[in-house]
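To start, the structure itself, in C-alpha cells.
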Amino acid sequence: MAGRGTTATAALERAKIPFTLHEYAHDPRHESYGTEASEALGVSPDRVFKTLVAEVEGALVTGVVPVGAQLDLKALAAACGGKKAAMAQVTAAERATGYVAGGISPVGQRKRLPVVLDSSAMGFGTVFCSAGRRGLEIELAPADLVRAAGATVADIGRRLSRVDHQASEVSR
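Using the numbering used here, read the sequence shown as starting at 3 and increasing by one per residue.
Rendered as C-alpha cells:
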C-alpha cells in the first residue's frame, strides 16, 4: 500500500479496523465524485456513500449518505440536536477535515467533526466511502465505519425521485 495511504487509512490501521482499498482513475471532468466512484468500481450507488459537511447551529458536522440520495438537512440537524442545518462552505469543509472536496472521508479528519451515517448503510455487509482523496475508496463493514468515525446512525438520506434526477440534469 506504499504511496496510497491517507490519514483515513492510517486511522483505520491504528484502530485495527479491517478495510479494503479500491483505487480508480479519477476523471476531473466527471460531474459527481460519488457517481464516478460507483461507476468506476461497478458497485451499486446504494453502497457507495458520499461525505458532506454541513453547519448545524453554527457547528460543522459530517453527513454520510448514499451517492444516489440527497442529504436531508432537517433530519441531519435533528440527529445533531439542532433545528436548522445548511451546507458548509467548501473551504470551511476542507480546512476542518484536512481533505479536498470530492475526497473528504468521514474517518481521520483533521478536526474530528460529529459524523452522522445514514441508517441505510446498516443493511449492507460492506459499504464504500472516500479514503481521503479523489479516486480512492475504502470498503468496510458499516459497524466498523461507525466505530472508526465515532458516528451516530440516523435516517438522514432522502432518495432522489425521478423528478429530482430530471431537475438536476436540467440544472447542470
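Ideal Cβ placement from N, Cα and C applies to all residues, glycine included.
In chain order, what residues of the same chain lie with their CB nearer than 6 Å to the CB of R161, ignoring the 5 residues before and after it? Position 159 of the sequence shown, counted from the start, is the residue given in the question as residue 161. For R161, where only same-chain residues beyond five positions count, the Cβ hits under 6 Å are A71.
* Would you identify the three-state DSSP class for R31, choosing helix, strand or coil? => As a first step, residue 31 must be located in the sequence shown, where it is residue number 29. In the structure shown, R31 sits in coil (DSSP, three-state: anything other than H, G, I, E or B).
#### Entry: Distance cut-off 6 Å: I106 Cβ against heavy atoms of the ligand MG
Of the ligands one can find in the structure shown there are none, so the ligand MG has no counterpart to examine.
Three or more C-beta pairs closer than 8 Å, one from the region 8-23 and one from the region 131-144: is that the case here? yes
Three or more C-beta pairs closer than 8 Å, one from the region 54-69 and one from the region 15-29: is that the case here? no
Item to complete: State the CB to CB distance for the pair G110 and T37, rounded to an integer number of angstroms; the pair is presumed to be in contact (CB under 8 Å).
Response: For the purposes of this step, residue 110 is taken as the residue at position 108 of the sequence shown. For the purposes of this step, residue 37 is taken as the residue at position 35 of the sequence shown. Their Cβ separation, rounded to whole angstroms, is 24 Å, which puts G110 and T37 out of contact at 8 Å.
*Could you please give me the residues that DSSP links to E57 through a beta bridge?*
Locating residue 57 in the sequence shown gives position 55, counting from the first residue. Paired residues: L62 and A88.
Exercise. What residue from S107, C131 and I158 has the CA that sits closest to V45's CA?
Worked result: Counted from its first residue, the sequence shown places residue 45 at position 43. With distances taken between Cα atoms, V45 lies closest to C131.
query: Do you know offhand how far D48's Cα is from G60's?
result: Start at 1 with the first residue of the sequence shown, and residue 48 comes out as number 46. Start at 1 with the first residue of the sequence shown, and residue 60 comes out as number 58. Taking the straight line joining both Cα atoms gives about 30 Å.
ask   = What are the partner residues of I158, as DSSP defines its beta bridges?
value = Mapped onto the sequence shown, residue 158 falls at position 156. Paired residue(s): none; I158 is not in a bridge.
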